[in-house]
Amino acid sequence: MSRASQSNWGSRGYRQTATKRPWRQQKSIQQSPSPPMGEVLATIHQKDLQDSGFDSKDTASITESQYLSSYNLLNRKDNSILVPGEPPVWTPLSTPTQLQNDSGEYFRDQNAARFPKFPIQPMVQAVLAENPDFRFQDIDIIACGSTLGNLLRFVRRQNHSFRMLVEAIGNAVFFIRRENSPTEKIPNVYGYGHAFPEAYTTWSVTVKSSESHQRIMKYDFAGLKCLVRFQADGYLPELVAKGKEKHHNGGLKHDKDLSEDDLILSIKETTLSNISAEAMSETGQPLKMSEAGNHIPQSAIFDLKTRSIRKKNEEDTIGEELARLWIAQIPNFLLAYHTAGVFSDIQIRDVREDIEKWEKKQQPALMQFAYLLNMIVTFVRSSELGRLEITRKEGSSVLELRAQCQDARRALPPSYLDQILDEAHGDSSGNSDTANEGGILLTWDDDEDEEQDYTACSASTCGYCGHCKHKH
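In terms of the working numbering, the sequence shown opens at residue 448 and continues consecutively.
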């Protein structure tokens, strides 16, 4: 479940039932027009991914998974975040109470709504705040659960339209979600996906006025080093025992550095202190950052979904969510069934074994997913400008790699580039040793030849074949 911000920036607040809120008639959401698209530079067909080039002994799996940093978005208009922040804690009602249906307006992308010009800026700032010496040039992909999820849906032949911006800054390739507008709202909101967490979870006093908790995971996937941001719905307090706080001076001590017992019993408290960031938002105001909250171990994080009790035996809700849980490395899933808004059947499940089995079963698709990511990373690194847009139409079996239009936002403010590029010594086209090398099959868009022309491209040869419109 992804809780998007209310458009009036109103607080999600502490635990409350919907009976305390006045009923509001559902508003009609007017969708923004789609931004213009640039020319098609290349296309990738689903059938092109079948010959991934991976050895049969290879595995496309996530390894070295590590919780790196986190932050909270606030219910304010002053571009504020809290680092490391803290997710809301699971605080179930002692007696089930009938909740009202969702009736507010909610942003599709909370980061873009608050930071419209540089929506990935808070993620980078949070990483640098807690890891000042972090080497972004050691990372291949910096993305969010939405962008990676959309590309995985394409590989798995699931119908879903999307657009995203891709930009190489040195070795690091940023994948940035793109809606029609940064403040695009979710249409036809119904059910209890927002009312339920409002009633059953609570923000701690240290992160009061928070709207969402964003977490950054670092892991390897099939040779690609990834940073992935996702939104956490909450955490289970029984997996974070009080009185067992872990303090570590001189740097963060994350999940992979702790013993198995520490993973369950650890919580790292952070002292409140104001710190500032120099980078400017679109409005000209600095990104304001305060150090507040607690480091909650990834082992305690949960994702939640609500469903009508009528669908309990009709849908495999957990099975449908495993791909998303895999991308975000979320180990716990909370599934709440209701009867007319009364939640009397709430299931909390450790899904780590489910995710592991899913990963093994999905190896053919994940091999193709790894191949697709390598194709995109190699293409954008070798392109003249280091930027492109990826689009997919509803039901299409083709990804279109397009030139970015002038209105497309950049990944980061100029003031960040020195920090991102310091290890690259200003080389904006550096190639990663971790990305698979060799030929890559792309379908070039060529008005003079209606037949598909499969050209073996690599970071060193792309653009010289004569078929690619994006010539150097």
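Don't be surprised by glycine CBs; every beta carbon is placed ideally from N, CA and C.
From a predicted model like this one, the values you see are computed outputs, not experimental measurements.
Keeping to the same chain, check which residues put their C-beta closer than 6 angstroms to that of ASP792; ignore five residues upstream and five downstream.
TYR784
So, does the segment 773-782 touch the segment 669-682, judging by three or more C-beta pairs under 8 angstroms?
Enough Cβ pairs lie closer than 8 angstroms, so yes.
Going by beta-carbon coordinates alone, are ILE616 and LEU864 separated by less than 8 angstroms?
yes
Starting from PHE583, follow its DSSP beta bridges and name the residues at the other end.
According to DSSP, which records beta bridges pairwise, PHE583 is partnered with nothing at all.
Rounding to the nearest angstrom, what Cα-Cα distance links HIS641 and SER656 in this structure?
16 angstroms
For a test of the three-state rule: what should DSSP assign to MET570, helix, strand or coil?
helix
Helix, strand or coil at GLY792 according to DSSP, with G and I counted as helix:
Looking at the sequence shown, residue 792 is not Gly but Asp. Reduced to three states, the DSSP call for ASP792 is strand.
Would you tell me roughly how many angstroms separate the C-alpha atoms of ALA590 and VAL487, rounded to the nearest one?
Each residue's alpha carbon lies about 23 angstroms from the other.
If contacts are defined as beta-carbon pairs under 8 angstroms, then HIS492 and SER830 qualify, I think. What distance do you get, rounded to the angstrom?
That pair is no contact at about 20 angstroms.
Per-residue burial, VAL571 [other beta carbons within 10 Å of its own, 16 or more giving buried]
buried
DSSP on VAL487, reduced to helix/strand/coil?
strand
Would you please state the rounded distance, in angstroms, between the beta carbons of ALA817 and ARG603? I believe it to be under 8 angstroms.
13 angstroms between Cβ atoms; not a contact.
With DSSP as the reference, label GLY873 as helix, strand or coil.
With a pLDDT of only 43 at GLY873, under the threshold of 50, the placement of this residue in the model should not be trusted; the figure read from the coordinates follows. Looking at GLY873 - three-state DSSP - the assignment turns out to be coil, as it is neither helix nor strand.
Identify whether SER862 lies in helix, strand or coil by the three-state DSSP scheme.
helix
Tell me the rounded alpha-carbon separation between SER550 and ASP498.
47 angstroms
Limits of the unbroken alpha helix (DSSP H) element including ASN821
810-829
Looking at the unbroken beta strand (DSSP E) that takes in ASN779, where does it start and where does it end?
779-786
Inter-residue Cα distance where the pair is GLU725 and LEU859:
Interpretation of GLU725 is limited by its pLDDT of 39, a score under 50 that renders its predicted location unreliable; no figure is taken from the coordinates.
On the three-state DSSP scale, how would you describe ASN519?
strand
Taking the Cβ atom as the reference point for each residue, do ILE795 and LEU781 lie within a distance shorter than 8 angstroms?
yes
Let me check one thing: in DSSP terms, what residues is ASP750 bridge-paired to?
PHE780
Reference SER516, options LEU848, ALA787 and ARG676, closest by Cα
ARG676
Identify every residue that forms a DSSP beta bridge with CYS673.
DSSP links CYS673 through a beta bridge to ILE588 and TYR666.
Alpha carbon to alpha carbon, how far is VAL536 from GLN547? Give it in angstroms, no decimals.
21 angstroms
Just to confirm before moving on: does the CB-CB distance between GLU841 and SER608 stay below 8 angstroms?
yes
Find out if the Cβ-Cβ distance for the pair ARG610, ARG625 is shorter than 8 angstroms.
yes
If you draw a straight line from the C-alpha of ASN389 to the C-alpha of LYS494, how long is it?
Here the chain comprises residues numbered 448 to 919, so residue 389 is not present and cannot be evaluated.
Need the endpoints of the alpha helix (DSSP H) that LEU683 sits in, please.
From DSSP, LEU683 is part of no alpha helix (DSSP H); its letter is neither H nor E.
Rounded C-alpha distance that separates GLY532 from ALA747
Approximately 15 angstroms, taken between the alpha carbons.
Do you know whose CA, among PRO482, LEU529, GLY485 and MET484, lies nearest GLY740's CA?
LEU529
By the three-class DSSP mapping on this structure, what secondary structure does SER481 have?
SER481 carries a coil assignment under DSSP once its states are collapsed to helix, strand and coil.
Through-space distance from LEU575 to PHE565, alpha-carbon basis
16 angstroms
Considering only residues of the same chain and omitting the five flanking positions on each side of ASP505, which have a CB-CB separation below 8 angstroms?
ALA669 and MET814
On the DSSP bridge assignment, give the partners of ILE802 in chain order.
ILE802 pairs with nothing; no bridge assigned.
Please classify LYS759: does DSSP put it in a helix, a strand, or coil?
Note: LYS759 maps to coil in three-state DSSP.
Cβ distance (whole Å) where ALA619 is taken to contact LEU540 below 8 angstroms
Going by Cβ atoms, the distance from ALA619 to LEU540 rounds to 44 angstroms, so no, they are not a contact pair.
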